[in-house]
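At position 253 of the sequence shown the residue is numbered 266 (our numbering), and the sequence of numbers has no breaks. Every residue gets a Cβ at the ideal spot worked out from N, C-alpha and C, and that includes glycine. Notes follow the structure.
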Amino acid sequence: MESATVRRVPPLPGLIQLGLVTLLVILAAIAWALTGDRMTGMDAGPGTDLGGLGWFLGVWVVMMAAMMFPSIAPMVIMFARIQEGRRERGAMVPAGLTTLFVGGYLVSWAAAGLAGYALFQAGAALTGDAFSWDNAGPYLAGAVVVGAALYQLTPLKDVCLRHCRNPLMFLLEHSRPGRVGALRMGIEHGGYCVGCCWMLMAALFALGVMSLGWMAFIAALIAIEKLLPWRAIANRGVAVLLVVLGLGIAFAPESVPGLTEPDSAQAAQAMQSMDPGVQP
Numbered sequence: 014m015e016s017a018t019v020r021r022v023p024p025l026p027g028l029i030q031l032g033l034v035t036l037l038v039i040l041a042a043i044a045w046a047l048t049g050d051r052m053t054g055m056d057a058g059p060g061t062d063l064g065g066l067g068w069f070l071g072v073w074v075v076m077m078a079a080m081m082f083p084s085i086a087p088m089v090i091m092f093a094r095i096q097e098g099r100r101e102r103g104a105m106v107p108a109g110l111t112t113l114f115v116g117g118y119l120v121s122w123a124a125a126g127l128a129g130y131a132l133f134q135a136g137a138a139l140t141g142d143a144f145s146w147d148n149a150g151p152y153l154a155g156a157v158v159v160g161a162a163l164y165q166l167t168p169l170k171d172v173c174l175r176h177c178r179n180p181l182m183f184l185l186e187h188s189r190p191g192r193v194g195a196l197r198m199g200i201e202h203g204g205y206c207v208g209c210c211w212m213l214m215a216a217l218f219a220l221g222v223m224s225l226g227w228m229a230f231i232a233a234l235i236a237i238e239k240l241l242p243w244r245a246i247a248n249r250g251v252a253v254l255l256v257v258l259g260l261g262i263a264f265a266p267e268s269v270p271g272l273t274e275p276d277s278a279q280a281a282q283a284m285q286s287m288d289p290g291v292q293p
């Protein structure tokens with residue numbers, strides 16, 4: 014019965030669709046502004062210190078809202094269409110379900126941020142200066158970016174991307190009623206999105222997680238592969254671009270536009286802005 018209800022998805026009034034998309038864009042714009050305010054001047058390049066856990070998690074969640082909200086607009090609109098259809102058929106639909114769905118989505122990305130933070134800090138503690146920029150740092154950063162390119166071609170990436178690109182398919186398979194159901198659906202959709210994009214986020218860490226420019230670059234790649242109609246072409250195109258970028262970082266980092274090298278004066282100033290005790 015639930016699947017049959019979801020299959021009969023009514024059109025959502027144009028004004029509501031416009032309102033939802035506008036709201037997501039406005040929230041993303043606010044998140045970009047907040048991120049820019051907090052991160053300006055903090056790009057120390059690959060291996061940028063992540064700061065304290067609480068500070069990083071706050072910045073991370075705002076970053077995810079900035080980067081992902083435009084890309085999830087089709088899913089949010091489809092979710093809202095389904096709730097509107099249930100109301101039209103006389104079903105009791107609690108208020109705030111769409112908000113809970115988006116909130117659940119951010120919960121998944123917050124968990125991914127915690128995992129990334131833990132891995133980054135553990136790696137730094139275990140390897141010491143073996144991967145400093147003067148040692149193997151460029152090769153590690155380049156390898157991560159090339160790894161993100163290779164992940165584009167894996168079956169897991171393909172499965173997760175199909176769920177992200179096909180809102181109706183996802184909602185047919187995961188539909189649940191009520192507020193708790195909406196929250197769980199958001200978490201599950203976020204889980205697929207993490208599965209789709211986790212290596213792109215790893216590439217962001219490799220490029221400089223506090224860089225607004227690289228953040229915008231990765232957000233653009235995510236939007237391309239999720240929203241453009243030619244899925245295979247977009248996916249392969251992103252892979253090729255990442256291979257070129259990764260090889261450039263590994264073997265000629267000074268030639269990569271926008272890359273802050275960790276031993277540069279700009280990186281030293283960024284580290285000083287994060288910790289006034291650090292001397293440039």
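9 Å Cβ cutoff met for residue i and residue j
i    : j    : result
G32  : Y118 : no
P59  : F218 : yes
A154 : L254 : no
F69  : L37  : no
V157 : A215 : yes
S123 : M77  : The sequence given here places Ala at residue 123; Ser does not occur at that position. It is a contact, given that the beta carbons lie within the stated cut-off.
V89  : V120 : no
T48  : V72  : yes
L213 : L127 : no
Alpha-carbon spacing of residue i relative to residue j, whole angstroms
i    : j    : result
S277 : W146 : 10 Å
I85  : G150 : 34 Å
F144 : Y130 : 17 Å
Q279 : V222 : 15 Å
G160 : G141 : 22 Å
I95  : W227 : 36 Å
L272 : P107 : 48 Å
D62  : P275 : 11 Å
R20  : G98  : Low per-residue confidence applies at R20: pLDDT is 49, beneath 50, and the placement is therefore not dependable, though the value from the model is reported in the following sentence. R20 and G98: Cα-Cα distance of roughly 10 Å.
T18  : L181 : Confidence at T18 is low in this model, with a pLDDT of 46, below 50, so the placement of that residue should be treated as unreliable; the coordinate-derived value is given next. In a straight line, the C-alpha of T18 is about 12 Å away from that of L181.
Three-way DSSP call (helix, strand, coil) for residue i in this model
i    : result
N148 : coil
W68  : helix
L272 : coil
S84  : coil
G259 : helix
A108 : coil
S224 : coil
G129 : helix
P59  : coil
T53  : coil
S121 : helix
G141 : coil
A265 : coil
R99  : helix
For this session: Decide yes or no for the touch test of the stretch 231 to 239 against the stretch 193 to 201: beta carbon pairs closer than 8 Å, at least 3 of them.
Result: With a cut-off of 8 Å, the stretch 193 to 201 and the stretch 231 to 239 do not count as touching, because too few Cβ pairs lie within range.
Problem set entry | Three-pair Cβ contact test at 8 Å for the stretch 249 to 262 versus the stretch 107 to 116 | No, they do not touch.
Problem set entry | Segments assigned beta strand (DSSP E), at least 3 residues, entirely inside the stretch 156 to 222 | Correct list: empty.
Exercise. Does the stretch 178 to 187 come within contact of the stretch 133 to 140, defined as at least 3 CB pairs closer than 8 Å?
Worked result: In this structure the stretch 178 to 187 does not touch the stretch 133 to 140; the number of beta carbon pairs closer than 8 Å is below three.
Exercise. Can you list the alpha helix (DSSP H) stretches of 4 or more residues lying completely in the stretch 231 to 255, in chain order?
Worked result: Runs found: none.
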